[in-house]
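Beneath this line is the structure, given in structure tokens, with notes to follow.
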Amino acid sequence: MNYERRRTNGDGGNGDNGVTPPNGTQPENDAETDWKTQLLDVVKAMPPEAFERLAQRLLREAGFIKVEVTQRSGDGGIDGTGVLRVNLISFQVLFQCKRYAGSVGSGVIRDFRGAMAGRCDKGLIITTGTFTADAQKEASRDGATAIDLVDGDFLCDLIKKYGLGVHTRTVEQVVVDGSWFESI
Numbered sequence: 029m030n031y032e033r034r035r036t037n038g039d040g041g042n043g044d045n046g047v048t049p050p051n052g053t054q055p056e057n058d059a060e061t062d063w064k065t066q067l068l069d070v071v072k073a074m075p076p077e078a079f080e081r082l083a084q085r086l087l088r089e090a091g092f093i094k095v096e097v098t099q100r101s102g103d104g105g106i107d108g109t110g111v112l113r114v115n116l117i118s119f120q121v122l123f124q125c126k127r128y129a130g131s132v133g134s135g136v137i138r139d140f141r142g143a144m145a146g147r148c149d150k151g152l153i154i155t156t157g158t159f160t161a162d163a164q165k166e167a168s169r170d171g172a173t174a175i176d177l178v179d180g181d182f183l184c185d186l187i188k189k190y191g192l193g194v195h196t197r198t199v200e201q202v203v204v205d206g207s208w209f210e211s212i
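Reading the sequence shown from the start, the letters are residues 29 to 212 in my numbering.
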């Protein structure tokens, strides 16, 4: 008979006796979906200004400098600005934040591009939702200012990568193979 023992580093465990039957473990994909769903629910519940400040902090952690959130009124569809320095070159980037449960469409991309006109080198839209196929095509349309897209799934990965409000626990699983001991 096989048993698994789980030991966690961090908070001391999950509250059970540490022994879980082999079929009682949660698949890794389900666990990943669960934390991302929980994180997106928390982020969607944030006030708009707080979500913009989260984007500001995320961009700073990712290496942007001079990241500022614009004033709420009269921002012209621009939620913030930042400068991304890559070696000797700097890029002026404007960003927009969308707390969506659904999909961001191509109209949002076009409107943002219009607001960006003549003001920056690149654009960035960060959403808690997803982007439609048309929005993705519009964002990378030839001859237009490039707009990078961060959807909810990628947003969760970035928040985790930079440790912003989430903590990662390392779990060691030890599996005892009872049949091996029986064969001695």
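Don't be surprised by glycine CBs; every beta carbon is placed ideally from N, CA and C. None of these values were measured; they are calculated from a predicted model.
Look at the alpha carbon of T198 and the alpha carbon of A172, and state the distance between them as a whole number of angstroms.
-> 44 Å
With a floor of 4 residues, list each alpha helix (DSSP H) that falls wholly inside the stretch 130 to 158, ordered by position along the chain.
-> 134 to 144
Coil, strand or helix - L177 by DSSP = strand
Residue environment, R127, which counts as buried when at least 16 other CB atoms sit within 10 Å = buried
What's the C-alpha gap between G110 and F92?
-> 6 Å
Roughly how far, in whole angstroms, is the beta-carbon of V121 from the beta-carbon of G146, given that I think they are within contact range, below 8 Å?
-> Not confirmed; about 14 Å, so no contact.
Please check the pair A129 and G157, which I expect to be a contact at CB under 8 Å, by giving their CB distance rounded to whole angstroms.
-> 6 Å
CA nearest to the CA of D155, picked from P76, C125 and T196 = Inspection of the sequence shows that residue 155 is occupied by Thr rather than by Asp. Measuring from the Cα of T155, the nearest candidate turns out to be C125.
Of the choices R113, T98 and K165, whose alpha-carbon is the least far from that of I137?
-> K165
C-alpha distance - S131 paired with D205, whole-angstrom precision = 47 Å
Can the beta-carbon of V70 be found less than 8 Å from the beta-carbon of F79?
-> no
Would you tell me roughly how many angstroms separate the C-alpha atoms of E176 and D149, rounded to the nearest one?
-> Checking the sequence, you will find Asp at residue 176 rather than Glu. If you take the alpha carbons of D176 and D149, they lie about 11 Å apart.
Straight-line CA distance for F123 to E200?
-> 40 Å
Thinking C-alpha only, which one of V178, D139, W63 and L87 is nearest Y190?
-> L87
Using the Cα positions of F209 and K64, report the straight-line distance between them to the nearest angstrom.
-> 40 Å
Go ahead and pull the three-state DSSP assignment for G206.
-> helix
Can you name, in chain order, every residue of its own chain whose Cβ lies under 6 Å from the Cβ of K188, other than the five neighbours on each side?
-> V194
Look at the Cβ atom of D107, then the Cβ atom of V97, and state whether they are nearer than 8 Å.
-> yes
With DSSP run on the structure shown, which of helix, strand or coil describes R113?
-> strand
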